[in-house]
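Here's the structure, in structure tokens; my notes come after.
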Amino acid sequence: MKYYFWICIVVCNFSVGMALAEGWYVGAEVGEVNHEFFPDYTFRTGAPNIQFVNRSDGTELGIIGGYEKKVCNFFSTRFQARGSWNDSEWALFLPNEPANFRYSIEYNVGLSVVSVVHLHRFINILFELGLQQGYVEEKKDSPVTSSLDFAEWVGGTVIGYGISSNISETVSIALSYREADFDQLSYKSYLPNGTHQETISDEPEAESYTLSLIIKF
């Protein structure tokens, strides 16, 4: 933390004429999201564990809002809330069981701190660190073999970076990358007669690339 403080002091002393107005802002985002699931199966029978890697991608839409506080002419900090929806879904049908699988993280909400470095009057570099909640669904439907049904909000951390350009004193556009690592989750699968068959654990990950339009007021 002390190094962060001294870097800010040095940067402030060498910056000139790059400050933007501080205040509240809102924005809209559109982009692509990629999900990775790593379900690890522990069998009640004692058979060796099996882990799979399931990947999906899709379109993401988001809204952001928060407050930007100027630290110095060259640097400011945003306290930001974000909500998003996406249509990314991993799906698989196994005819030999038969079984239908579906994995998704359709909704996400989060709070983060965004450091903004004003390199130029029109160019800014963004660094983001925060907490995120994702609505994780992992489902398997089968009339013969085991079925599973997990659908809960799962916490995690998010980091990101990007670049933004000021169109005017109140309007800017940004290109951003975010990576979210979710906490470990665990649940059980059951046979049609209700017998416990497997215990599944997972630690999903997500990454997104977005284009944002931000308006200050």
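Position 51, counted from 1, in the sequence shown is what our numbering calls 51; the numbers after and before it change by one each time, with no gaps. Think of the CB as a built atom: it goes at the ideal place given N, C-alpha and C, for glycine as much as any other residue. Please read all numbers here as calculations on a predicted model, not as lab measurements.
Determine the burial state of residue i: buried for a count of at least 16 other Cβ atoms within 10 Å of its Cβ, exposed for fewer.
i: N108; result: buried
i: G110; result: buried
i: I50; result: exposed
i: S176; result: buried
i: V10; result: Only weak support is given to the placement of V10: the predicted model assigns it a pLDDT of 40, under 50, and the value that follows is read from those uncertain coordinates. V10 is exposed by the Cβ-count criterion.
i: G31; result: buried
i: G194; result: exposed
i: S186; result: exposed
i: G27; result: buried
i: G62; result: buried
i: E198; result: buried
According to DSSP, which residues form a beta bridge with residue i?
i: S224; result: Outside the shown range of the chain (1 to 217) lies residue 224, about which nothing can therefore be said.
i: N86; result: E60
i: T199; result: T42 and K188
i: A151; result: E137
i: S165; result: I123 and I173
i: S146; result: Looking at the DSSP assignment, S146 forms no beta bridge with any residue, so it has no partner.
i: N100; result: F93 and D141
i: G194; result: According to DSSP, G194 bridges with nothing at all.
i: A81; result: G65 and L111
i: A28; result: I63 and L213
i: F75; result: C72 and V117
i: N54; result: F37
i: E128; result: V114 and G160
Between which residues of its own chain and residue i is the CB-CB distance below 6 Å, once the five residues before and five after are set aside?
i: G232; result: What is shown of the chain runs 1 to 217, which leaves residue 232 out entirely.
i: E205; result: E36 and D181
i: E179; result: I159 and E207
i: K216; result: G23, Y25 and T170
i: I173; result: S165 and L213
i: Y67; result: W24 and F79
i: E128; result: S112, V114 and G160
i: S56; result: H35, S88, E89 and W90
i: Y103; result: F37, N54, W90 and E138
i: E29; result: G62, T210 and S212
In whole angstroms, what is the alpha-carbon distance linking residue i and residue j?
i: P192; j: L148; result: 11 Å
i: W90; j: N54; result: 7 Å
i: Y25; j: A151; result: 33 Å
i: Y190; j: H196; result: 5 Å
i: I200; j: E138; result: 10 Å
i: L119; j: V136; result: 38 Å
i: T59; j: Y209; result: 10 Å
i: S84; j: E106; result: 8 Å
i: T145; j: E97; result: 7 Å
i: E203; j: F43; result: 18 Å
i: V117; j: F74; result: 6 Å
i: K140; j: F38; result: 15 Å
i: V71; j: L131; result: 23 Å
i: A229; j: T45; result: With the chain represented from 1 up to 217, any question about residue 229 goes unanswered, as that position is not in the structure.
i: P143; j: T157; result: 37 Å
Enumerate in chain order the residues of its own chain whose CB-to-CB distance from residue i is below 7 Å, with the five nearest sequence positions on each side excluded.
i: F93; result: N100
i: N86; result: V33, G58, T59, E60 and E106
Cutting at 8 Å between CB atoms, please list the residues of its own chain near residue i, excluding the five before and the five after it.
i: K69; result: E22, S76, T77, R78 and F79
i: W153; result: Q133, G134, Y135 and V136
Q: Could you tell me whether the region 153-169 touches the region 114-130, where touching means 3 or more Cβ pairs closer than 8 Å?
A: yes
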